[in-house]
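S.K.:
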Amino acid sequence: MNTIPTKDKTTIVLFSGELDKAIAAFIIANGAAAYDHEVTVFFTFWGLNTLRKHEVVRVKKGLLERAFGWMMPRGAKKLGLSKMNFMGMGPEMIKHVMKKHHALSLPQLIELAQEQGVKLVACTMTMELLGLQEPELIDGLEYAGVAAYLGDATNAKVNLFI
Amino acid sequence: MNTIPTKDKTTIVLFSGELDKAIAAFIIANGAAAYDHEVTVFFTFWGLNTLRKHEVVRVKKGLLERAFGWMMPRGAKKLGLSKMNFMGMGPEMIKHVMKKHHALSLPQLIELAQEQGVKLVACTMTMELLGLQEPELIDGLEYAGVAAYLGDATNAKVNLFI
Amino acid sequence: MNTIPTKDKTTIVLFSGELDKAIAAFIIANGAAAYDHEVTVFFTFWGLNTLRKHEVVRVKKGLLERAFGWMMPRGAKKLGLSKMNFMGMGPEMIKHVMKKHHALSLPQLIELAQEQGVKLVACTMTMELLGLQEPELIDGLEYAGVAAYLGDATNAKVNLFI
Chain A
1 MNTIPTKDKT TIVLFSGELD KAIAAFIIAN GAAAYDHEVT VFFTFWGLNT
51 LRKHEVVRVK KGLLERAFGW MMPRGAKKLG LSKMNFMGMG PEMIKHVMKK
101 HHALSLPQLI ELAQEQGVKL VACTMTMELL GLQEPELIDG LEYAGVAAYL
151 GDATNAKVNL FI
Chain B
1 MNTIPTKDKT TIVLFSGELD KAIAAFIIAN GAAAYDHEVT VFFTFWGLNT
51 LRKHEVVRVK KGLLERAFGW MMPRGAKKLG LSKMNFMGMG PEMIKHVMKK
101 HHALSLPQLI ELAQEQGVKL VACTMTMELL GLQEPELIDG LEYAGVAAYL
151 GDATNAKVNL FI
Chain C
1 MNTIPTKDKT TIVLFSGELD KAIAAFIIAN GAAAYDHEVT VFFTFWGLNT
51 LRKHEVVRVK KGLLERAFGW MMPRGAKKLG LSKMNFMGMG PEMIKHVMKK
101 HHALSLPQLI ELAQEQGVKL VACTMTMELL GLQEPELIDG LEYAGVAAYL
151 GDATNAKVNL FI
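Chains as they are written, first to last, in the UniProt record's numbering: chain A, 1 to 162; chain B, 1 to 162; chain C, 1 to 162.
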């Protein structure tokens, strides 16, 4: 009996909401996809901010959820750095050198990941806690919980928490 | 000869001493245990603070060890956030939304992990360095070093550093 | 036909540029090497600062690269802590207790790793972005990109992102 060889798998939990860590996560994810791995990135806690749309989306939510929405960065263009943030100057420096060296920006890295079939999964439990709703996030995502993540991770060769 | 099928294994190193990261670690640990994995969480560096008892425990220690004891948060109820800590207001907001959504608190997640048989291991090297002693930590822990962690991790399907 | 049994493998991505995380990475790396694993540590982003030489090395670089060079810590002796840095007092406290307990310092842990044959790999993409050049880094490194890392990680039993 012939069986189709299964692909190697990689999963990344993106917990952190910082530009530098999100870039690292997407460079590894895109690298693994180019390496012909099946790749899942599971966005939880602050990592979910990477997936927010830049524009304000009108959805009904309570005061606390609204407060979280205001305080957290709205999308990949607004993230700070984990180091040397310097009130937002650091991210601009990093973006500048990346452009200068023709490296892809974070929004471009996300787009490339989606083109390469990387599975981007938003953690539904975090969405509930922080009051984030599907219309506020970019298109093309899957929505799931920790059980789905563990199903992927158990069969993966490379598992990272970033 | 019949052999008992061995369980899949998951290990987590909890290095960070922040509420949000500890919650993430325990949600994954409890999820993996529910998924019938054998789970080990290895607490090292600041992660050990998660396991401290809330009350002051009288033990003999030197001045430097005493200073570390004062400066570090005493247990799961006292941890700050990695982001948006706002002088302690952030953790209260997170605890509030978790309660509102009937999510388990960190102390409850730890209790559930122990009930599910998750192995909680305190890193003995860190305890020596930071001057933490067994009576200062919660009950039901194992005590071991990096060699024991590596023994578990080498046989695990999912290994994370948080 | 006899085949040489292949060794178990461990890979660590060191992304963070803090003393405590670098120490944790090298303790695990050295432990895994002692455990007879083939170990690779891949230094990317701020993690690369761990590998900088302490002395200033004269190389030609642009203004922005020079600015990064000034702002980032020069080598393993200059790293701060991820927690309780206290304007540099924290790292001195940690170094003091490590010395008191006869634990190896970070420079000694790096030396031990090199003696044990741990492969230390500097991420060439980060070097380009931050303007770091080979003469500015310690001797005995390999230079590679994310593809090489993924090649190692896919065959490893333990993969961590620190």
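A virtual CB, placed ideally from N, CA and C, is assigned to each residue, including glycine.
Predicted model only: the values in this text are computed from it and were never measured.
Quick one: give me the first and last residue of the beta strand (DSSP E) that K9 (chain B) is part of.
M.R.: Position 9 of the second sequence holds residue 9 (chain B). Residues K9 to L14.
S.K.: May I have the straight-line CA-CA distance separating A147 (chain B) from F68 (chain C), to the nearest angstrom?
M.R.: By 1-based counting over the second sequence, the position of residue 147 (chain B) is 147. By 1-based counting over the third sequence, the position of residue 68 (chain C) is 68. Distance between the alpha carbons of A147 (chain B) and F68 (chain C) is about 38 Å.
S.K.: Quick one: is G90 (chain B) near chain C, going by C-beta distance under 9 Å?
M.R.: Locating residue 90 (chain B) in the second sequence gives position 90, counting from the first residue. Judged by the 9 Å Cβ criterion, G90 (chain B) is not in contact with chain C.
S.K.: Between the segment 12-24 of chain C and the segment 23-39 of chain B, are three or more C-beta pairs nearer than 8 Å?
M.R.: No, they do not touch.
S.K.: Which term fits E136 (chain A), buried or exposed, when burial requires 16 or more other beta carbons within 10 angstroms of its beta carbon?
M.R.: Locating residue 136 (chain A) in the first sequence gives position 136, where the first residue counts as 1. Buried is the call here.
S.K.: Going by CA-CA distance only, name the one from A:N30, A:F15, A:D8 and A:K61 that's closest to L106 (chain A).
M.R.: In the first sequence, the residue the question calls residue 106 (chain A) occupies position 106. Ranking A:N30, A:F15, A:D8 and A:K61 by Cα distance to L106 (chain A) puts A:N30 first.
S.K.: Going straight from the alpha carbon of V13 (chain C) to that of E92 (chain B), what length do you get?
M.R.: As a first step, residue 13 (chain C) is located in the third sequence; it is residue number 13 there, counting from the start. As a first step, residue 92 (chain B) is located in the second sequence; it is residue number 92 there, counting from the start. Distance between the alpha carbons of V13 (chain C) and E92 (chain B) is about 33 Å.
S.K.: Can you give the Cα-Cα distance for K77 (chain B) and Q133 (chain B), rounded to whole angstroms?
M.R.: Position 77 of the second sequence, counted from the start, is the residue given in the question as residue 77 (chain B). Position 133 of the second sequence, counted from the start, is the residue given in the question as residue 133 (chain B). If you take the alpha carbons of K77 (chain B) and Q133 (chain B), they lie about 19 Å apart.
S.K.: With a CB to CB cut of under 6 Å and the five nearest residues on each side skipped, what residues in its chain are close to D152 (chain C)?
M.R.: Your numbering for residue 152 (chain C) matches position 152 in the third sequence. Cβ within range, chain order: T11 and T40.
S.K.: In this structure, what does DSSP give as the bridge partners for A122 (chain B)?
M.R.: Translated into the one-based positions of the second sequence, residue 122 (chain B) becomes position 122. Answer by DSSP bridge pairing, in chain order: B:F43 and B:Y143.
S.K.: From the DSSP output, in three-state form, read off L129 (chain A) for me.
M.R.: Taking the first residue of the first sequence as position 1, residue 129 (chain A) is located at position 129. Note: L129 (chain A) maps to helix in three-state DSSP.
S.K.: Given a cut-off of 9 Å, decide if H37 (chain C) and K157 (chain C) are closer than it, judged by their beta-carbon atoms.
M.R.: Position 157 of the third sequence, counted from the first residue, corresponds to residue 157 (chain C). Position 37 of the third sequence, counted from the first residue, corresponds to residue 37 (chain C). Against a cut-off of 9 Å, the Cβ pair of H37 (chain C) and K157 (chain C) comes out as a contact.
S.K.: Can the beta-carbon of V97 (chain C) be found less than 9 Å from the beta-carbon of E65 (chain B)?
M.R.: Here residue 97 (chain C) refers to the residue found at position 97 of the third sequence. Here residue 65 (chain B) refers to the residue found at position 65 of the second sequence. Yes, these two residues count as a Cβ contact at 9 Å.
S.K.: Measuring straight from C-alpha to C-alpha, what distance separates G62 (chain B) and F45 (chain B)?
M.R.: Position 62 of the second sequence, counted from the start, is the residue given in the question as residue 62 (chain B). Position 45 of the second sequence, counted from the start, is the residue given in the question as residue 45 (chain B). Cα to Cα, G62 (chain B) sits roughly 19 Å from F45 (chain B).
S.K.: Name the chain B residues that come within less than 7 Å of A153 (chain A), Cβ to Cβ?
M.R.: The residue given as residue 153 (chain A) occupies position 153 in the first sequence. Those are V158, listed as they occur along chain B.
S.K.: For the segment 5-24 of chain C, enumerate the residues whose C-beta is nearer than 9 Å to any C-beta of chain A, in chain order.
M.R.: Taking 9 Å as the Cβ-Cβ cut-off against chain A, the residues of the segment 5-24 of chain C that qualify are T11, V13, F15, S16, G17 and E18.
S.K.: Relative to the C-alpha of L104 (chain B), which candidate in A:A32, A:G140 and A:M125 has its C-alpha closest?
M.R.: The residue you call residue 104 (chain B) lines up with position 104 of the second sequence. Nearest C-alpha to L104 (chain B): A:M125.
S.K.: Go ahead and label R52 (chain C) buried or exposed: buried means 16 or more other beta carbons lie within 10 angstroms of its beta carbon, across all protein chains shown.
M.R.: On the third sequence, residue 52 (chain C) is found 52 positions in, with the first residue counted as 1. Looking at its Cβ environment, which holds 16 or more other Cβ atoms inside 10 Å, R52 (chain C) is buried.
S.K.: Taking the straight line between their C-alpha atoms, what separation do you get for G47 (chain B) and G17 (chain B)?
M.R.: For the purposes of this step, residue 47 (chain B) is taken as residue 47 along the second sequence, with counting starting at 1. For the purposes of this step, residue 17 (chain B) is taken as residue 17 along the second sequence, with counting starting at 1. Approximately 4 Å, taken between the alpha carbons.
S.K.: Identify, in the order they occur along the chain, each residue of the same chain with its Cβ nearer than 8 Å to the Cβ of G145 (chain C), setting aside the five sequence neighbours on each side.
M.R.: If you number the third sequence from 1, residue 145 (chain C) lands on position 145. Correct list, in chain order: C123, T124 and M125.
S.K.: Counting only beta-carbon separations shorter than 9 Å, does M98 (chain A) have a partner in chain B?
M.R.: On the first sequence, residue 98 (chain A) is found 98 positions in, with the first residue counted as 1. Chain B contact via Cβ: absent.
S.K.: Where does K60 (chain C) land, buried or exposed, given buried means 16+ other C-beta within 10 angstroms?
M.R.: Position 60 of the third sequence, counted from the first residue, corresponds to residue 60 (chain C). Burial call: exposed.
S.K.: Just verifying my parser: in three-state terms, what is the DSSP assignment at N30 (chain A)?
M.R.: Position 30 of the first sequence, counted from the start, is the residue given in the question as residue 30 (chain A). N30 (chain A): helix per DSSP, three-state reduction.
S.K.: My guess is that F15 (chain B) and I162 (chain B) are in contact by the Cβ rule of under 8 Å, so how many angstroms apart are they, rounded?
M.R.: Here the question's residue 15 (chain B) lines up with position 15 in the second sequence. Here the question's residue 162 (chain B) lines up with position 162 in the second sequence. That belief holds up - the Cβ atoms of F15 (chain B) and I162 (chain B) are roughly 7 Å apart, short of 8 Å.
S.K.: Classify Y149 (chain A): buried if its beta carbon has 16 or more other beta carbons within 10 angstroms, exposed otherwise.
M.R.: As a first step, residue 149 (chain A) must be located in the first sequence, where it is residue number 149. So Y149 (chain A) ends up on the buried side.
S.K.: Which word fits T6 (chain C), buried or exposed, when buried means at least 16 other C-beta atoms lie within 10 angstroms of its C-beta?
M.R.: Stepping through the third sequence from its first residue, residue 6 (chain C) is reached at position 6. Result: exposed.
S.K.: Would you mind giving the Cβ-Cβ distance between H101 (chain B) and L129 (chain A), rounded to the nearest angstrom? I have them listed as a contact below 8 Å.
M.R.: For the purposes of this step, residue 101 (chain B) is identified with residue 101 of the second sequence, where counting begins at 1. For the purposes of this step, residue 129 (chain A) is identified with residue 129 of the first sequence, where counting begins at 1. Sure, about 6 Å apart at Cβ, within 8 Å.
S.K.: W70 (chain B) touches chain C at which residues, Cβ-Cβ below 8 Å?
M.R.: Counting from one through the second sequence, the residue named residue 70 (chain B) turns up at place 70. Chain C residues near W70 (chain B): none, gap ~11 Å exceeds 8 Å.
S.K.: Would the beta-carbon of G117 (chain C) fall within 9 Å of that of A33 (chain C)?
M.R.: Working through the third sequence from its first residue, we reach residue 117 (chain C) at position 117. Working through the third sequence from its first residue, we reach residue 33 (chain C) at position 33. Yes. Within cutoff.
S.K.: Confirm, please, whether the CB-CB distance from G75 (chain C) to I4 (chain C) is below 9 Å.
M.R.: By one-based count along the third sequence, residue 4 (chain C) stands at place 4. By one-based count along the third sequence, residue 75 (chain C) stands at place 75. No. Outside cutoff.
S.K.: Comparing C-alpha positions only, which one of B:M84, B:V57 and B:I110 sits nearest to W70 (chain A)?
M.R.: Numbered from its first residue, the first sequence carries residue 70 (chain A) at position 70. W70 (chain A) has its Cα closest to that of B:M84, out of B:M84, B:V57 and B:I110.
S.K.: Around the C-beta of K99 (chain B), are 16 or more other C-beta atoms found within 10 angstroms, so that it is buried, or is it exposed?
M.R.: By 1-based counting over the second sequence, the position of residue 99 (chain B) is 99. K99 (chain B) comes out exposed.
S.K.: From I94 (chain C) to L141 (chain A), what distance separates their C-alpha atoms?
M.R.: Within the third sequence, numbered from 1, the residue matching residue 94 (chain C) stands at position 94. Within the first sequence, numbered from 1, the residue matching residue 141 (chain A) stands at position 141. If you take the alpha carbons of I94 (chain C) and L141 (chain A), they lie about 43 Å apart.
S.K.: Is DSSP giving E38 (chain C) helix, strand or coil here?
M.R.: Along the third sequence, one-based indexing puts residue 38 (chain C) at 38. Residue state, collapsed to three classes: strand.
S.K.: Could you tell me the alpha carbon to alpha carbon distance between G88 (chain B) and M72 (chain B), rounded to whole angstroms?
M.R.: Position 88 of the second sequence, counted from the start, is the residue given in the question as residue 88 (chain B). Position 72 of the second sequence, counted from the start, is the residue given in the question as residue 72 (chain B). Going from the Cα of G88 (chain B) to the Cα of M72 (chain B) covers about 14 Å.
S.K.: What residues from chain B crowd round E128 (chain A), counting only those whose CB sits closer than 8 Å?
M.R.: To locate residue 128 (chain A), count along the first sequence from 1; it is residue 128. Going along chain B in sequence order, the residues near E128 (chain A) (Cβ under 8 Å) are H101.
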